[in-house]
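Asks: According to this note's numbering, the sequence shown is numbered sequentially starting from 164.
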Amino acid sequence: MNTHDAGSAGGTPAASPEYRVAHLQDRLAAGELGELGVRVEVRGKDVLVTGTVPSARCREDVLSAVREELAGLEVHCDVVISETSSPDHAEELS
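#1: Pull up the distance between the alpha-carbon of residue 219 and that of residue 211, whole angstroms please.
#2: My assumption, with CB atoms under 8 Å, is that residue 216 sits in contact with residue 191. Please give the rounded CB distance.
#3: Considering only the beta carbon of each residue, do residue 256 and residue 180 sit closer than 7 Å?
#4: On the DSSP bridge assignment, give the partners of residue 189 in chain order.
#5: Using 10 angstroms around the beta-carbon of residue 228, count the other beta-carbons present and answer buried if the total reaches 16, otherwise exposed.
#6: Would you tell me roughly how many angstroms separate the C-alpha atoms of residue 208 and residue 246, rounded to the nearest one?
#7: Please state whether DSSP places residue 197 in a helix, a strand or coil.
#8: Using the three-state DSSP reduction, which class does residue 226 fall into: helix, strand or coil?
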């Protein structure tokens, strides 16, 4: 599927990638995900999504929103889960 085949959420056909990214950013900021440090940027014809989230569930929520809002665009995601578990051994300092 290419960009010309995909309409944006809300039914606006062939909306620009910048418009769709702005809509995604508004959606992420307005919901439970608003406090997360997720960035969405247009890089030429592609979209780059980066950031760190606290859990696998949060990551899946972000990726789900990305799939819905940016369907048909080439999207590269680098959203990682922060490690919040306790260390399993003492840190050795030299």
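Note that beta-carbon positions come from the ideal geometry of N, C-alpha and C, so glycine has one too.
All figures in this text were calculated on a predicted structure; none of them were measured in a lab.
Replies: This is what the structure gives:
#1: The alpha-carbon atoms of residue 219 and residue 211 are separated by roughly 19 Å.
#2: Actually they do not touch by this definition, with Cβ atoms about 11 Å apart.
#3: With respect to residue 180, residue 256 sits apart: the two C-beta atoms are not nearer than 7 Å.
#4: For residue 189, DSSP assigns no beta-bridge partner whatsoever.
#5: Classification of residue 228: buried, given that the 10 Å Cβ count is 16 or more.
#6: C-alpha separation (whole angstroms): 32 Å.
#7: In this structure, residue 197 counts as helix in the three-state DSSP scheme.
#8: Under the three-state reduction of DSSP, residue 226 is assigned to helix.
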